[in-house]
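This report refers to the structure that appears directly beneath it.
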DNA sequence: CTGAAAGCGCTAACAG
DNA sequence: CTGTTAGCGCTTTCAG
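Residue numbers (the working numbering), protein chains in the order written: chain V, 7 to 333; chain G, 7 to 333.
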């Protein structure tokens, strides 16, 4: 492992000069530069990021905190983050909390100990108090999930409006008994989507029936399946269901099929997110598209701006109703 | 940002002593330790990993190279890697190549420049020549994909045998026209799974029909769908299909459904991997389970062993045929 | 345009 | 048990 010292010695220059040719931008005599570059090649020299990072007190790493990598929603966001990060000379440190507070503490430690230059937090279950404290001293942005009161910048969508659009669609095609498969309402977007659901019902004079609202513990196929199992036992069975995630909708679809019922004739179904596999179910799932990749990409750009000390503005992206076969 | 210097000064000890209380294991007088720990709390001191890493010439980061994070197969492996990495004080640096050689070069650079202590390579399309060169100087392990000739340690399954089991199952339930949805045969597992497919056919005296073997470009739902579209146009339509990935099988299933055909009656279908989604299709997919999480976990453990300079042995894990509704 | 020297924050001999 | 010191590999003044 050649070091900058060895390159300097062999090229007959000082380490400062080698550093200069490494870091472009500074003026170096063409001949000197050529000589140094030649030696760099000969020695197969690669500058050590450890040295550089200590000196510059930066790590060029972005912490990405998600609940679970198994959820494809985050997968597509991470994809977007990655693209922007890399094109700006950063890399991603992926962190799953799995709703484990200890892990969360570990990750928050990583920004304090300089392992990461900033964090993109996408875990709705994170300890908000600690997050806010952290955000006062370090660059942090939120993505998808966010907190209204805080001054942590975020990129997200208008969940209330998106849910309203989804439910209105269901109503317009004739449904009145519309179930909602929601997740834990401690999560902001769950509350917002419920508000959108209620607004649509109210607007069309449909009474709210608490029996039709199911809250899942988590966001997994099984949770969706369980929700539908429950909903099918309600005396006046719903004719349509709105799930706040395609993952839940797909689980629900499975349960409907298992009961010998047909989508959309017996029950219409609408999901959320437009995950790639929502188009592979049979029937294909109608859903509310979220621009996940773009969201991730913008969140990364926003974070990098913050790291550079620039001001940033919150971003609310557009959603889109994608009509397919399940409604 | 307090440094070790400030802690030392305020506690009235030397930096060496502070370092000692930080790094346990060394003997420090109980009183001194208490005093130092008190100051550490007061100052909210967090040791800088940048300094520590430079000094120890390590980064405590593991490079994980995958083709695409969108493929749920890798997702579950990464989950396993993460668990083991974290419990050993490492973190993962996630890298998608997207079959982009430039990115690949960037990632390989990261081990050379000390940003990572080792790499778990899962990209079958990686430049093997470069990979082998790298493996001579740095700790590298392969996971799922591997290379027979090389001396890069790996953890994988017996793909030939797994494919043989899958196809034999199809034959035993009465099928003779069995299609194979394979991926690019430049990839080792694709060749191995084809060998297993052929072995099963031969064993039961079924002639090989090249028309029934489709090669996809990539591993995406669309590729599976396209494969089945093609297969349905063969004059003597197959009555069963073996796909080398659940993702491909799910795409194929979609196409079968689109054509008004029924699985398993018109066409039986078997996938590979046992992705969580494979149980949510209708009908649920019969598949060959791979222990993805364990694979990732073992690969991480293996890599950490290598980093510590220990010898490691290749690992071949068991697969399992999971009978569900699609056959 | 180039070199000498300081120092980022930490750990690990080596003495005492 | 504790302090002194050197140095990990790099960038960046400051002189020249």
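All C-beta atoms in this analysis are idealised placements derived from N, C-alpha and C, irrespective of residue type, glycine included.
>> Quick check: what's the CA-CA separation for residue 264(V) versus residue 235(G)?
In response: Taking the first chain and counting its residues from 1, one reaches residue 264(V) at position 258. Taking the second chain and counting its residues from 1, one reaches residue 235(G) at position 229. The straight-line gap from Cα to Cα measures roughly 27 Å.
>> I need the straight-line Cα distance from residue 229(G) to residue 171(V), nearest angstrom please.
In response: Along the second chain, read from residue 1 onward, the residue named residue 229(G) stands at position 223. Along the first chain, read from residue 1 onward, the residue named residue 171(V) stands at position 165. Straight-line Cα distance between these residues: approximately 32 Å.
> Using a Cβ-Cβ cut-off of 8 Å (strictly less than) and excluding sequence neighbours within five positions of residue 323(V), which residues of its own chain qualify?
Replying inline: If you number the first chain from 1, residue 323(V) lands on position 317. Closer than 8 Å at the Cβ level, and outside the excluded window around residue 323(V), lie 161, 162, 163, 296, 297, 300, 301, 304.
>> Can you find the residues in the same chain that come closer than 7 Å, C-beta to C-beta, to residue 134(V), ignoring five residues on each side of it along the sequence?
In response: Start at 1 with the first residue of the first chain, and residue 134(V) comes out as number 128. These residues qualify, in order along the chain: 153.
>> I'd like to confirm the pairing. Which residues does DSSP put opposite residue 102(G) in its beta bridges?
In response: The residue labelled residue 102(G) in the question sits at position 96 within the second chain. Residue 102(G) pairs with 72(G).
>> Quick check: the Cα distance between residue 105(G) and residue 33(G), rounded to an integer number of angstroms?
In response: Here residue 105(G) refers to the residue found at position 99 of the second chain. Here residue 33(G) refers to the residue found at position 27 of the second chain. Cα-Cα distance, rounded: 51 Å.
> Where does residue 193(V) fall in DSSP's three states?
Replying inline: For the purposes of this step, residue 193(V) is taken as the residue at position 187 of the first chain. Correct three-state label for residue 193(V): coil.
> Hey, residue 68(G) and residue 124(G) are a contact pair by Cβ (cut 8 Å); roughly how many whole angstroms apart?
Replying inline: Mapped onto the second chain, residue 68(G) falls at position 62. Mapped onto the second chain, residue 124(G) falls at position 118. Between residue 124(G) and residue 68(G) the Cβ distance is about 6 Å, and since that is below 8 Å, they are a contact.
> Just to confirm, are residue 276(V) and residue 181(V) a CB contact at a threshold of 8 Å?
Replying inline: Residue numbering aside, residue 276(V) sits at position 270 when the first chain is read from its first letter. Residue numbering aside, residue 181(V) sits at position 175 when the first chain is read from its first letter. Not in contact: residue 276(V) and residue 181(V) (Cβ atoms no closer than 8 Å).
> With 16 as the cutoff for other CB atoms within 10 Å, does residue 128(G) come out buried or exposed?
Replying inline: In the second chain, the residue the question calls residue 128(G) occupies position 122. By the neighbour-count rule (16 or more Cβ atoms within 10 Å), residue 128(G) is buried.
>> Going by DSSP in three states, residue 79(G) sits in which element: helix, strand or coil?
In response: By 1-based counting over the second chain, the position of residue 79(G) is 73. Helix at residue 79(G).
> What residues from chain G crowd round residue 88(V), counting only those whose CB sits closer than 9 Å?
Replying inline: Within the first chain, the letter at position 82 stands for residue 88(V). For residue 88(V), the neighbours in chain G by C-beta distance under 9 Å run, in chain order, 75, 100, 101, 102.
> Which residues, taken in chain order from the region 280-298 of chain V, show a beta carbon closer than 9 Å to some beta carbon of chain G?
Replying inline: Interface annotation for the region 280-298 of chain V against chain G: 282, 283, 285, 286, 287, 288, 289, 290, criterion Cβ-Cβ distance under 9 Å.
>> So that I know if they touch, is there some Cβ in chain G lying closer than 8 Å to that of residue 121(V)?
In response: Walking along the first chain from the start, residue 121(V) turns up at place 115. By this cut-off, residue 121(V) is an interface position.
> Using the rule of at least 16 other Cβ atoms within 10 Å of the residue's Cβ for burial, across every protein chain shown, is residue 150(G) buried or exposed?
Replying inline: Mapped onto the second chain, residue 150(G) falls at position 144. Residue 150(G) should be labelled buried.
> In or out: residue 192(G) buried (at least 16 other Cβ within 10 Å) or exposed?
Replying inline: Position 186 of the second chain, counted from the start, is the residue given in the question as residue 192(G). Only exposed fits residue 192(G), as fewer than 16 other CB atoms lie within 10 angstroms of its CB.
> Are the CB atoms of residue 42(G) and residue 21(G) nearer to each other than 8 Å?
Replying inline: Translated into positions along the second chain, residue 42(G) becomes position 36. Translated into positions along the second chain, residue 21(G) becomes position 15. Not in contact: residue 42(G) and residue 21(G) (Cβ atoms no closer than 8 Å).
> Count the other CB atoms within 10 Å of the CB of residue 36(V); is the residue buried (16 or more) or exposed (fewer)?
Replying inline: Working through the first chain from its first residue, we reach residue 36(V) at position 30. Under this definition residue 36(V) is an exposed residue.
>> Short of 7 Å in beta carbon distance, which residues of its chain neighbour residue 64(G), apart from the five on each side in sequence? Order them along the chain.
In response: Along the second chain, read from residue 1 onward, the residue named residue 64(G) stands at position 58. Setting aside the 5 residues that flank it on each side, residue 64(G) is surrounded in the same chain by 123, each with a C-beta closer than 7 Å to its C-beta; the list follows chain order.
>> According to DSSP, simplified to helix, strand and coil, what is residue 212(G)?
In response: Sequence index remark: in the second chain, residue 212(G) carries index 206 (1-based). In this structure, residue 212(G) counts as coil in the three-state DSSP scheme.
> Under a three-way DSSP split, which group does residue 313(G) fall into?
Replying inline: Within the second chain, residue 313(G) is the residue found at index 307, counting from 1. Here residue 313(G) sits in helix by DSSP.
>> Here's the rule: buried if 16 or more other CB atoms are within 10 angstroms of the residue's CB, otherwise exposed. What is residue 272(V)?
In response: Taking the first chain and counting its residues from 1, the one referred to as residue 272(V) is at position 266. It is exposed - the Cβ of residue 272(V) has fewer than 16 other Cβ atoms within 10 Å.
>> If you reduce the DSSP assignment to three classes, tell me which class residue 246(V) lands in.
In response: Translated into the one-based positions of the first chain, residue 246(V) becomes position 240. In this structure, residue 246(V) counts as strand in the three-state DSSP scheme.
> In terms of alpha-carbon separation, which member of 29(G), 226(G), 53(G) lies closest to residue 13(G)?
Replying inline: Numbered from its first residue, the second chain carries residue 13(G) at position 7. Comparing Cα positions, the closest option is 53(G).
> Checking contacts by CB at 8 Å: is residue 55(G) closer than that to chain V?
Replying inline: Along the second chain, one-based indexing puts residue 55(G) at 49. At a cut-off of 8 Å, the C-beta of residue 55(G) has a neighbouring C-beta in chain V.
> Which residues of chain V have a Cβ atom closer than 7 Å to the Cβ of residue 81(G), listed in chain order?
Replying inline: Your numbering for residue 81(G) matches position 75 in the second chain. Those are 75, 76, 81, listed as they occur along chain V.
>> List, from N- to C-terminal side, the beta strand (DSSP E) runs of 3 residues or more that fit wholly inside the region 99-150 of chain V.
In response: Within the region 99-150 of chain V, the complete beta strand (DSSP E) segments at least 3 residues long are 124-127, 146-149, listed from N- to C-terminus.
> Is it the case that the Cβ atoms of residue 168(V) and residue 294(V) are separated by a distance below 8 Å?
Replying inline: In the first chain, counting from the first residue as 1, residue 168(V) sits at position 162. In the first chain, counting from the first residue as 1, residue 294(V) sits at position 288. Yes. Within cutoff.
>> Between which residues of its own chain and residue 113(G) is the CB-CB distance below 8 Å, once the five residues before and five after are set aside?
In response: Position 107 of the second chain, counting from 1, holds the residue named residue 113(G). Only 69, 71, 101, 103, 125 meet the Cβ criterion.
> Any idea what DSSP makes of residue 286(V), helix, strand or coil?
Replying inline: Counting from 1 along the first chain, the entry for residue 286(V) is found at position 280. It is coil, neither helix nor strand.
>> Nearest by alpha-carbon distance to residue 242(G): which of 119(G), 76(G), 97(G), 217(G) is it?
In response: Here residue 242(G) corresponds to residue number 236 of the second chain, with the count starting at 1. For residue 242(G), the nearest C-alpha among the options comes from 217(G).
>> Does the structure place the region 134-145 of chain V close enough to the region 131-148 of chain G that three or more beta carbon pairs sit under 8 Å?
In response: The region 131-148 of chain G makes no contact with the region 134-145 of chain V: fewer than 3 CB pairs, one atom from each, lie closer than 8 Å.
> What residue from 321(V), 86(V), 224(V), 319(V) has the CA that sits closest to residue 187(V)'s CA?
Replying inline: Numbered from 1 along the first chain, position 181 holds the residue referred to as residue 187(V). The candidate whose alpha carbon is nearest that of residue 187(V) is 224(V).
> What three-state label does DSSP hand residue 240(G) in the structure shown?
Replying inline: Here residue 240(G) corresponds to residue number 234 of the second chain, with the count starting at 1. It is coil, neither helix nor strand.
> Does the distance from the C-beta atom of residue 233(V) to that of residue 245(V) stay below 8 Å?
Replying inline: Here residue 233(V) refers to the residue found at position 227 of the first chain. Here residue 245(V) refers to the residue found at position 239 of the first chain. 8 Å or more divides the Cβ of residue 233(V) from the Cβ of residue 245(V).
>> For a contact defined as C-beta to C-beta under 9 Å, what are the partners of residue 52(G) on chain V?
In response: In the second chain, counting from the first residue as 1, residue 52(G) sits at position 46. Residues of chain V passing the Cβ test: 115, 118, 119, 120.
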